[in-house]
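J.: Structure in structure tokens, see below.
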Amino acid sequence: MADFKLHCFAQSGNAYKVAMMLDLTGSAWEPVFVDYFVGQTRDPAWRAEVSEMGEVPVLEHRGERLTQSGMILDALAEITGRFGGRDARERREIWRWILFDNHKFTSYFATHRWLRTFAEPKGHPEVMAFLAGRISNNLGIVERHLKDRPFLLGDRPTIADLSLAGYLFYPVEETGYDLDTTHPAIAAWADRISELPGWRAPYEAMPARAAVAA
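Residue numbers (numbering that gives the first Met the number 0): 0 to 213.
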């Protein structure tokens, strides 16, 4: 029996952050498919039973239900003893990057991807240009930081890396960003994460649709 149940869908990079952590720590987990594209997270019953915030990821573990990817990653670092801070200074540095990620790095990148690929109608050109400007600035910050270190905190990966990398493993045709060409330090960093034992790409780790009974 799985120790963890993750309410998720494959297109969610925020859910993927948690799935990646579960895979990299060798945790026994199973996905619970959430049909976001038919409005499941907007359903009042789902919000009452699963998440009042109407979002994935939601992680179930030993009778506790956890929401918000940054907090879930922090809890999993504590539970598994992996990818967390080794002291108070490192824990503060991890949260500095997670807060930057949630507020700026993931938020603009994910919104741009959604409006470019999944939304109907697609994003207005002026909105897309605004988001692209913010993305360029934030990618530049991370690119410069990673030029002289393999991971955000130095020589080893932490949950800060998993948080910021959550949307970077989706296909270029979805994101519109070929990081190998535009941001080589970020691309090399993502490659190092993908080489960690247990890593799987988002469309391998999580279901994109409900399982069909045989």
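Glycine included, each C-beta is placed from N, C-alpha and C at the ideal position.
1) Buried or exposed for V17, please, with buried defined as at least 16 other CB atoms from any protein chain shown within 10 angstroms of its CB.
2) Is the separation between the beta-carbon of H6 and that of V49 shorter than 8 Å?
3) Where are the beta strand (DSSP E) runs, 3 residues long or more, that stay fully inside the stretch 20 to 81, in chain order?
4) Excluding the 5 residues flanking D177 on each side, which residues of the same chain have their C-beta closer than 6 Å to its C-beta?
5) Using the Cα positions of F117 and T174, report the straight-line distance between them to the nearest angstrom.
6) When you compare the CB positions of T157 and F150, do they come within less than 8 Å of one another, or not?
7) Assuming the contact rule is C-beta atoms closer than 8 Å, G139 and G25 should be a hit. Round their C-beta distance to whole Å, please.
8) Under 6 Å Cβ to Cβ from A200, same chain only, skipping five residues before and after it: list those, please.
9) Give the C-beta separation of A159 and W96 to the nearest angstrom, bearing in mind that I take them to be a contact with Cβ-Cβ under 8 Å.
10) Which whole-angstrom value describes the C-beta separation of G214 and N101, a residue pair presumed to lie in contact below a C-beta threshold of 8 Å?
11) Between S162 and L72, is the Cβ-Cβ spacing less than 8 Å?
12) With distances taken Cα to Cα, identify the nearest neighbour of P30 among P43, A44, D2.
13) Span of the beta strand (DSSP E) holding L5?
14) So Y35 packs on G165, CB below 8 Å; how close in whole Å?
15) How would you label M20, buried or exposed, when you count the other beta carbons within 10 angstroms and need 16 or more for buried?
T.: With the structure as the only source:
1) buried
2) yes
3) 28 to 32, 57 to 60, 63 to 66
4) V171
5) 11 Å
6) yes
7) 35 Å between Cβ atoms; not a contact.
8) F168
9) 4 Å
10) The structure shown does not extend to residue 214, since the chain is modelled only from 0 to 213, so the question has no answer here.
11) yes
12) D2
13) 3 to 7
14) Wrong, their Cβ atoms sit about 16 Å apart, outside the cutoff.
15) buried
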